[in-house]
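Chains as they are written, first to last, in our numbering: chain A, 1 to 126; chain B, 1001 to 1226. Single-structure report; data block below.
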Amino acid sequence: MARNAEFGKRIRKLREERKKVDPQFSLRRFAETAGISATFLSKVETGEFDPPAPDKIKRMAELLGEDPDELLALAGRVDPELPEIIREQPKAMADFLRTARDASVSDEQIEAFTQMLRTMNKGKGR
Amino acid sequence: MLTVKFLSEGQIEKAAMQLMAGHVAKFGPVSPPVPVDEILECHLGLSFGIEDLREYGPDVLGATWLQTGRVAVDQSLDPSTFPDKEGRYRFTLAHELGHFELHAHQLRDNGQATLFTESNHPTIVCRSSAKREPIEWQADQFAAQLLMPREMVYTYWRELFGDRPYVAVDEIARLSERFGSTNRKAPTVSVARDMADHFAVSGQAMQIRLETLGLIRTKPAEPELF
């Protein structure tokens, strides 16, 4: 059994809801578009295998119209883009993340701060 | 062994074509190869998996859970890993669909569908070696009719060869001579192999269907009676 069967259950549920109206969500077509074998997807869904690599999970999220970070979190995986982001500004970004962790900020506070940064970003674009 | 009532080929064909019509009504026209995965998953909304079915026996290719609406095909047939199994994979899926369309009601009505519900064992386990049981024969007929519908086969045959059937007696004799005749099955002739690709079935399945429809003759013509 996989260490975490919740990811597979979630994927099967999302796929089964969608397949009844759109054939691209059948097991075989969905697996093919996500870049994995049908057997592998089937076994991930039943919890026999661990979730696939992060890039495949992101592709699945895109196909299903779901939040990639949420599915990555459910799979216990980290977006491969994140280490790259830290490497771009190693000192400042590491400091920023550690400070946030040490301050024990809540998810809501992080979300509010993210929203503020987004607004600042939009302002820059004008 | 599960028992089912007798069904004629005509009754089985009608059931297969009704299923196809239901799919077409929801998802639009179908051309070969018949989208058997989608009929099972999207039209009927059954749960489908490709799994290791060896726990049910060494030669199990497909399994059906009637009560929970679930079908599984053995992983040895996954065409994304074994492309040459495409025909077998599709035939097995269509065969399991046959159990749902032809047998689910009967087995529910007489209580046979709930025999294994508690142990989570499949209601019907399909082995490559059990083709002679009536329930399995009927499901095979259903699969052939669904994957190679009469009208689609005739239409494609006409495009390729016109209106004449092919008398394959000489070709079969040549093939048997070259490859030996130890195999009980007749060798697959080239027209069946060509058409098999179009319908994404095995050459053997295509040949049997073409013989049934009178498009390939594998035996010399009967002498005139009068």
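Even glycine gets a Cβ: it sits at the ideal position worked out from N, Cα and C.
CA-to-CA distance, residue j to residue i, given in whole angstroms
i: V1201(B); j: D1194(B); result: 11 Å
i: V1024(B); j: V1036(B); result: 12 Å
i: I1208(B); j: T1064(B); result: 25 Å
i: D67(A); j: A61(A); result: 6 Å
i: E70(A); j: L1046(B); result: 27 Å
i: A1016(B); j: L1007(B); result: 13 Å
i: L64(A); j: R15(A); result: 7 Å
i: L1066(B); j: L1213(B); result: 32 Å
i: P1029(B); j: G1022(B); result: 11 Å
i: C1042(B); j: K124(A); result: 47 Å
i: R29(A); j: R77(A); result: 24 Å
i: K122(A); j: F113(A); result: 14 Å
i: A1231(B); j: P1149(B); result: As displayed, chain B neither begins before 1001 nor continues past 1226, which places residue 1231(B) out of reach and without an answer.
i: R59(A); j: A5(A); result: 19 Å
i: E1211(B); j: V1169(B); result: 12 Å
i: F1091(B); j: A73(A); result: 39 Å
i: A1192(B); j: K56(A); result: 39 Å
Backbone secondary structure at residue i - three-state DSSP
i: D1084(B); result: helix
i: E1096(B); result: helix
i: G1069(B); result: coil
i: E1038(B); result: helix
i: I36(A); result: coil
i: T1064(B); result: strand
i: V1167(B); result: strand
i: V1153(B); result: helix
i: F25(A); result: helix
i: D1048(B); result: One point to set straight first is that residue 1048(B) is Phe, not Asp, in the sequence displayed. Strand at F1048(B).
i: D95(A); result: helix
i: D1074(B); result: strand
i: R77(A); result: coil
i: V1125(B); result: strand
i: R18(A); result: helix
i: R12(A); result: helix
i: R1174(B); result: helix
7 Å Cβ cutoff met for residue i and residue j
i: Q1075(B); j: T39(A); result: yes
i: F25(A); j: A75(A); result: no
i: L1093(B); j: L1019(B); result: no
i: L1077(B); j: S1128(B); result: no
i: D1188(B); j: G1203(B); result: Per the sequence shown, the amino acid found at residue 1188(B) is Thr instead of Asp. Taking 7 Å as the Cβ cut-off, T1188(B) and G1203(B) qualify as a contacting pair.
i: I36(A); j: P52(A); result: yes
i: P54(A); j: D79(A); result: yes
i: L1097(B); j: P1165(B); result: no
Residue-level contact to chain A via CB, residue i, 7 Å cutoff
i: Q1075(B); result: yes
i: F1048(B); result: yes
i: C1126(B); result: no
i: T1003(B); result: no
i: D1078(B); result: yes
i: G1069(B); result: no
i: E1211(B); result: no
i: E1096(B); result: no
i: E1055(B); result: no
i: E1086(B); result: no
i: G1045(B); result: yes
i: T1081(B); result: yes
i: E1101(B); result: no
i: E1009(B); result: no
i: E1041(B); result: yes
i: D1109(B); result: no
i: E1151(B); result: no
i: E1038(B); result: yes
CA nearest to the CA of residue i, picked from the options
i: R1083(B); options: E1177(B), V1004(B), D1197(B); result: The residue asked about is misnamed: residue 1083(B) is Pro in this sequence, not Arg. Selected option, being the one with the closest Cα: D1197(B).
i: V1004(B); options: G1111(B), Y1089(B), V1073(B); result: G1111(B)
i: C1234(B); options: L1044(B), Q1204(B), E1055(B); result: Missing from the structure shown is residue 1234(B); chain B here goes from 1001 to 1226 and no further.
i: V957(B); options: T1218(B), P1187(B), I1124(B); result: Any answer about residue 957(B) is impossible in this case: the structure gives chain B only from 1001 up to 1226.
i: K1085(B); options: A1205(B), F1179(B), H1043(B); result: A1205(B)
i: F1161(B); options: S1190(B), L1175(B), L1146(B); result: S1190(B)
i: A1139(B); options: H1095(B), G1049(B), F1179(B), L1061(B); result: H1095(B)
i: Y1089(B); options: T1155(B), E1051(B), W1137(B); result: E1051(B)
i: V21(A); options: P1032(B), P1029(B), L1044(B); result: L1044(B)
i: I110(A); options: P90(A), L97(A), N121(A); result: L97(A)
i: L1053(B); options: P1149(B), T1188(B), P1122(B), F1100(B); result: P1122(B)
i: Y1156(B); options: L1002(B), S1031(B), F1027(B); result: S1031(B)
i: L1002(B); options: S1080(B), R1132(B), P1033(B); result: R1132(B)
Test: residue i CB closer than 7 Å to a CB of chain B
i: S26(A); result: yes
i: A100(A); result: no
i: T39(A); result: yes
i: P23(A); result: yes
i: S42(A); result: yes
i: K19(A); result: yes
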